[in-house]
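The sequence shown runs 1 to 290 under UniProt numbering. These notes concern the structure reproduced below.
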Amino acid sequence: MPDTTAAPGAEFDARARAMYDLGNSTIYASHSDPRFSYCTYVPPHLGSADARPMQLVVVMHGTGRAFTEYRDAFAEFAKWNDCIVLCPLFPAGPRGDGNRDGFKQLREGDIHYDQVLLDMVDEVAAKFGCDFSRFALFGYSGGGQFVNRFAYLHPERLWALSIGAPGSVTLLDANQDWWVGVRDFAGRFGKPLNLDALKALPVHMIVGKADIETWEITHREGGKFYMPGANDAGKTRPERLESLRKSFAAAGVNATLDVLDNVPHHGLSCVGKVQDFFAATLRNLRARGQ
């Protein structure tokens, strides 16, 4: 085990940075709230004379918290597209109650998960001297629920959004309350939904055609997230994601939906299509000088 008790100057700092910060990082507690952690992938050529300005890609885990696996899956993409990858870890039960699902709803007691993520983004931006005022966001399964709802709160912070196989969706439906719809959005979150920013956002959705198990996603009366309309978007994840796409389209928000043949509920099988979407969006972004 390396001895980190002594720090013999710049050479030590450079070697430690190369080992723990560049490439696949170690896991860091968030400065703003150490209950939550993150890891990163940072291209080793960061800061070289011919490198383009880095962009940020955030990948949000699901209920299984496979955050390092997603980081590893995006590493090659990040290296060749000049991106830093940030993968948060929102552990189960941060309030001591074992709740696995709080992050999906953005609010859990006094925890505002959207702000926890934004603080991590600011921390990583400062650490590596980057401008991450906007970033790309992908989440799968429970992470898909998180990014669906995060995009309603902060569309102006994103340059691309990919929603992967959420078990439950929040539709752009002004006739139903949160979390099924957005009728009470302003009262709940203290700000109006910025539909114009959402319309300007490149949006991608993805799910496996064989992702048809319903045992985990069917809401039953008495369940912690049950409310009228909880199951109306469809029985399966593909049906619910198509309902979300239709609600986006009805509100004037364009979204591309990929339904992958022979793919069950397996996020790593979907990342290639997500990366294709991010790469195309990034090319357009850079061509416009942004």
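We treat Cβ as the ideally placed atom computed from N, Cα and C, and that holds for glycine. This one's a predicted model, so the numbers in the text were calculated from it and none came from an experiment.
Alpha-carbon to alpha-carbon, residue j and residue i
i, j, result
"V121", "A251", "29 angstroms"
"H265", "R183", "30 angstroms"
"V203", "A255", "5 angstroms"
"V82", "D13", "Residue identity differs from the one stated: residue 82 is Asp in this sequence, not Val. Cα-Cα distance, rounded: 23 angstroms."
"N99", "A165", "21 angstroms"
"D50", "A92", "42 angstroms"
"L195", "F185", "12 angstroms"
"G109", "F189", "14 angstroms"
"D173", "L260", "27 angstroms"
"A287", "G222", "51 angstroms"
"N262", "E213", "14 angstroms"
"L153", "L22", "31 angstroms"
"L285", "F278", "10 angstroms"
"G229", "S247", "14 angstroms"
"Q55", "G234", "36 angstroms"
"H61", "Y38", "11 angstroms"
"R220", "I27", "37 angstroms"
"K176", "L193", "Reading the sequence as shown, one finds Gln at residue 176 and not Lys. Answer to the nearest angstrom: the Cα atoms are 14 angstroms apart."
"T40", "Y20", "10 angstroms"
"R107", "V116", "11 angstroms"
"R95", "V180", "25 angstroms"
"A280", "V253", "18 angstroms"
"Q290", "S48", "20 angstroms"
"W178", "Y226", "11 angstroms"
"A29", "S269", "29 angstroms"
"A10", "S133", "30 angstroms"
"N231", "A126", "42 angstroms"
"D97", "I111", "14 angstroms"
"L282", "D72", "20 angstroms"
Identity of the residues DSSP links to residue i by a beta bridge
i, result
"G139", "M60 and I163"
"Y38", "Y28 and P88"
"H112", "R107"
"L257", "M205"
"Q55", "C83"
"G23", "V42"
"L158", "F135"
Member of the options whose CA lies at the smallest distance from the CA of residue i
i, options, result
"R15", "V59, L193 and P44", "P44"
"T170", "F74, P155 and F150", "F150"
"A210", "F189, M227, E239 and H219", "E239"
"Y140", "Y70, T40 and F248", "Y70"
"N24", "L137, G142, I84 and Q105", "I84"
"T63", "E216, S269, A126 and D72", "E216"
"I163", "L172, G143 and F189", "G143"
"D119", "D101, L86 and E76", "L86"
"L46", "H61, R17, P34 and R35", "R17"
"G208", "A233, D72, R237 and H219", "R237"
"A197", "K235, V180, G187 and L158", "L158"
"G272", "I212, S30, N231 and M205", "M205"
"R35", "G267, Y113, F74 and A280", "Y113"
"L201", "S168, A249 and F225", "A249"
"F138", "V42, F74 and S48", "F74"
"V42", "E242, V124 and T281", "V124"
"G267", "A280, K199 and G167", "G167"
"D131", "P53, L161 and T68", "P53"
"E156", "K199, N231, G96 and L241", "K199"
"L257", "G181, R283 and L161", "L161"
"D101", "N231, K224, E11 and D232", "K224"
Integer Cβ distance of residue i from residue j, believed to fall under 8 angstroms
i, j, result
"V59", "F135", "Not quite, the Cβ-Cβ distance comes to about 11 angstroms (not below 8 angstroms), so this is no contact."
"N148", "L244", "7 angstroms"
"Q145", "K104", "4 angstroms"
"Q275", "F77", "5 angstroms"
Self-check item: Length at least 4, wholly inside the region 190-227: the alpha helix (DSSP H) runs in chain order
Solution: 195-199
Exercise. Enumerate, from N- to C-terminal direction, the unbroken beta strand (DSSP E) stretches of 3 or more residues contained entirely within the region 229-280.
Key: 255-260
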